[in-house]
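Structure record follows, encoded as structure tokens.
In the working numbering, the protein residues as written are 5 to 590.
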């Protein structure tokens, strides 16, 4: 899920004086337009930017907040965080501070950085005591939204239920009902009457994203009954234009996935395949999300129904990879939750230790009048507490290091996992962009790896993955970023490396992989890999585009025989690299 109902999260709730000047009014109007009319909102910001030199400090903080929101809506979620953080640190208005911190929580949740998202909640809670009704409602709904992202749906339901019957603004009422419906939908307890109420409230608030999400869940509810299959398809087709007009990736990807399910239920397999492919493509930018996993499964089922075994197998492999990556991400979420609980426990222990130290100081003052023996007892007690604190610090540091390594490392191959690789890649891309330096990206996966698992068992498949990592590491430089992206797919980021050099490195890796002696595993078989290469010269320092181009080159390697290295070329110079030998089965 990429950019989840950002507009509904940040509704205008400042209290301005009756004598608000023209700039104040323009800021309020822009705030009102944010999620209702994005084009008009951006036009208002452009007009306001011409007056920025005349802004008061409070007006500048408000304008910066709206600017950060515009960046968030455009998909620049992490880029917007420093601006939000600056507003949080500098704003004197506690309502604006709360809004900024809410937005930071939301943005980190959207990019799946759950540990950092959880870190925002302790800053939000103290501000609630200063918040008026609307402020408090929004903060609670933000936390409810985050728990939905974290797939802690019961927790989210508890938070949305706290405000659902309060005197809410139209936007917040829509968000509360939408979050509650989403929690019930994922818990399998959503009823039609609940959805009808959600749709009614969101139609009044004119929030198109939340409204169409609710309509989408209604169609999926209709699909669950045999007599509703045809009606569900008609209902989905009727809202297609409204969904596409939002230009909201999460909504459109889930829509086309649901449409594919509906086509499949109506035995329209060709239409199901087209919609599933579109849903998977739209979900690509969000990683291996639920819509992408579902879309691949519909592709698999459709191909199977049409008797196309090759397409069915290919789709099922993609589904299995997406499903594994989704489970990996779920484990990261659970680890983030456990880390947050651990940090909270640690703080409580620290408070208890401080309380004990205060009590000891009082005891020390009283015991100062006692005999020397009592002094020695006090010193012994203080020494024991000091040792306890030191032991706790050592244990805590080791535990933190172990948790951090577990969250960042693939448990089997001991290289960076997909989440940590993406984080390191983003940093490397930024450095390359700042220094105007070239950077290449190599992606490869093992040819016919499923055949190894099927023929020799998954333990032998694990042996192969570790052997391949050891072979590839020999060609990695100290500054390179190497990680497992999922299944048998790996990525290598090469800072300061041109395409030709990257091609040379990749070719050496390909050769090393093909020379692995598998007799140590107890079986003899061939191991080969297909490679794809792209660089910033064709991707403009955008990691998503760099990844997509390398993936396209990888597809070319597979298409032209596997066990080869292909370089991405822009369409006008479509000259794919064609290095390596044709794959020979073991």
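Glycine residues also receive a C-beta, built at the ideal position from the N, C-alpha and C atoms.
Near residue i, which residues of its chain fall below 7 Å by C-beta distance, leaving aside the five closest residues on each side in sequence?
i	result
residue 547	429, 430, 433
residue 180	145, 164, 167, 168, 172
residue 553	538, 542, 543, 572
residue 592	Absent from the structure is residue 592, since the part of the chain shown begins at 5 and ends at 590.
residue 358	Confidence at residue 358 is low in this model, with a pLDDT of 42, below 50, so the placement of that residue is unreliable and no value is reported for it.
residue 575	none
residue 286	253, 256, 257, 260
Give me, in chain order, the residues of the same chain whose beta-carbon lies closer than 6 Å to that of residue i; leave out the 5 immediate sequence neighbours on both sides.
i	result
residue 81	111, 114, 115
residue 550	445, 538, 543
residue 280	264, 299, 302, 303
residue 479	509, 512, 513
residue 66	31
Is it buried or exposed for residue i, if we count other Cβ within 10 angstroms and need 16 for buried?
i	result
residue 491	buried
residue 108	buried
residue 384	exposed
residue 253	buried
residue 305	buried
residue 158	exposed
residue 136	exposed
residue 327	buried
residue 55	exposed
residue 439	exposed
residue 212	buried
residue 570	buried
residue 268	buried
residue 295	buried
residue 47	exposed
residue 568	buried
residue 517	buried
residue 227	buried
residue 307	buried
residue 96	exposed
residue 191	exposed
residue 92	buried
Which of the three DSSP states is assigned to residue i in this structure?
i	result
residue 483	coil
residue 541	coil
residue 565	coil
residue 155	coil
residue 293	coil
residue 96	coil
residue 41	coil
residue 446	strand
residue 388	helix
residue 547	helix
residue 413	strand
residue 59	coil
residue 117	coil
residue 356	Confidence in residue 356 is poor, its pLDDT being 46 and thus under 50, which makes the residue's placement unreliable; the coordinate value appears in the next sentence. Reduced to three states, the DSSP call for residue 356 is helix.
residue 276	helix
residue 262	helix
residue 135	coil
residue 512	helix
residue 171	coil
residue 25	coil
residue 193	coil
residue 1	Here the chain comprises residues numbered 5 to 590, so residue 1 is not present and cannot be evaluated.
residue 474	helix
residue 553	helix
With 8 Å as the threshold, decide whether the Cβ of residue i is near any Cβ in chain C.
i	result
residue 156	This model lacks chain C altogether; it includes just one protein chain.
Give me whichever residues DSSP pairs with residue i in a beta bridge.
i	result
residue 325	DSSP, once it has assigned bridges, lists no residue as partnering residue 325.
residue 533	450
residue 571	537
residue 488	494
residue 591	Nothing can be reported for residue 591: it is not among the residues displayed for the chain, which extend from 5 to 590.
residue 420	413, 487
In its own chain, which residues sit with a C-beta less than 8 Å from the C-beta of residue i, not counting the 5 before and 5 after it?
i	result
residue 464	456, 457, 525, 526, 527
residue 207	215
residue 413	419, 420, 421, 424
When every heavy atom of the ligand ADP is checked, does at least one fall within less than 7 Å of the C-beta of residue i?
i	result
residue 242	Questions concerning the ligand ADP fall outside what the structure shown contains, since it holds no ligand whatsoever.
Any 3 or more C-beta pairs closer than 8 Å across the stretch 194–205 and the stretch 159–168: Note that the stretch 194–205 does not touch the stretch 159–168; fewer than 3 beta-carbon pairs, one per stretch, sit closer than 8 Å.
The stretch 440–448 / the stretch 456–469 touching (three or more Cβ pairs under 8 Å): With the cut-off at 8 Å, the stretch 440–448 and the stretch 456–469 do not touch.
At least three beta-carbon pairs within less than 8 Å, the stretch 257–277 to the stretch 515–528: no
Three or more C-beta pairs below 8 Å linking the stretch 61–73 and the stretch 31–50: yes
Cβ contact check for the stretch 210–219 and the stretch 236–247: 3 or more pairs under 8 Å: yes
Validate contact between the stretch 467–478 and the stretch 558–565 using beta carbons, cut 8 Å, 3 pairs: Verdict: no, contact absent.
At least three beta-carbon pairs within less than 8 Å, the stretch 273–287 to the stretch 244–252: No, the stretch 273–287 does not touch the stretch 244–252.
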